[in-house]
Amino acid sequence: MLATPNRLRTSTDFSTTVRSGVRNGRRNLVLYTASIGAGEPSRIGFIVSKAVGNAVTRNLVKRRLREAGALSLHTHGTGLAVVVRALPAAASASWEQLLSDYNAALAVTTKRLGGSAPRNASTEHHGTTTEGTPRA
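Under UniProt numbering, the sequence shown has 94 at position 94, and the numbering climbs by one with no breaks.
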């Protein structure tokens, strides 16, 4: 179980994270990550709908995702708000698959939040660089 300061609790917190956060989807889940105050503890919330399965299955998926979230707090203990939405495929996924998807999605979203350079429209428009030479 996550400690109280590490839980997203209100619908406002969830919607703010989903709307303003960086999104990354995997086979079993979609993860949204947003920055919060640098000194604030990271908070994690979970969305597991009835599409995932019956109550027993949903609770199993939630427990597994909660544990993955608790493990990620060791490296990302402050400054992040994370919402994890389980997809129906999560019902048949193993612990290793869920953990792998969670860690990969978290790595991508935190990298994007970390200040990756904004995309330059001129380099992506026609497949050429700004100097006019074709991209490799």
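Just so you know, even glycine gets a beta-carbon here, dropped at the ideal spot from N, CA and C.
Is it the case that the Cβ atoms of residue i and residue j are separated by a distance below 8 Å?
i, j, result
"L80", "T16", "no"
"V18", "R112", "no"
"R66", "L2", "yes"
"R43", "N103", "no"
Skipping 5 residues on each side, what residues in its chain have a beta carbon closer than 6 Å to that of residue i?
i, result
"T26", "A small fix is needed here, since residue 26 is Arg in this sequence, not Thr. Correct list, in chain order: D101 and A105."
"G30", "Sequence check: residue 30 is Val here, not Gly. So the qualifying residues of the chain are R85."
From the DSSP output, which residues share a beta bridge with residue i?
i, result
"R7", "I44"
"A34", "A81"
"L29", "A86"
Exposed or buried, which one is residue i when buried takes at least 16 other CB atoms within 10 Å?
i, result
"L8", "buried"
"N24", "buried"
"S72", "buried"
"A68", "buried"
"T77", "In the sequence as presented, Thr is not what sits at residue 77; that position holds Gly. That one is exposed."
"A93", "buried"
"G45", "buried"
"R63", "exposed"
"S11", "exposed"
"V56", "exposed"
"T109", "buried"
Return the first residue and the last residue of the alpha helix (DSSP H) that residue i is part of.
i, result
"R23", "Where R23 is concerned, there is no enclosing alpha helix (DSSP H), although the beta strand (DSSP E) it sits in stretches over V22 to G25."
"L73", "Looking at the DSSP string, L73 is not in any alpha helix (DSSP H), and its letter there is neither H nor E."
"K111", "W95 to L113"
Can you name, in chain order, every residue of its own chain whose Cβ lies under 7 Å from the Cβ of residue i, other than the five neighbours on each side?
i, result
"A89", "R27 and N28"
"V52", "R58, V61, A86, P88, A90 and A91"
Is it the case that the CB of residue i approaches a heavy atom of the ligand ADP more closely than 7 Å?
i, result
"R43", "The ligand ADP is not part of this structure, which contains no ligands at all."
Identify, in the order they occur along the chain, each residue of the same chain with its Cβ nearer than 8 Å to the Cβ of residue i, setting aside the five sequence neighbours on each side.
i, result
"F14", "L8, G45, I47 and V83"
"L98", "N28, L29, V61, R64, L65, A68 and A90"
"G37", "G79"
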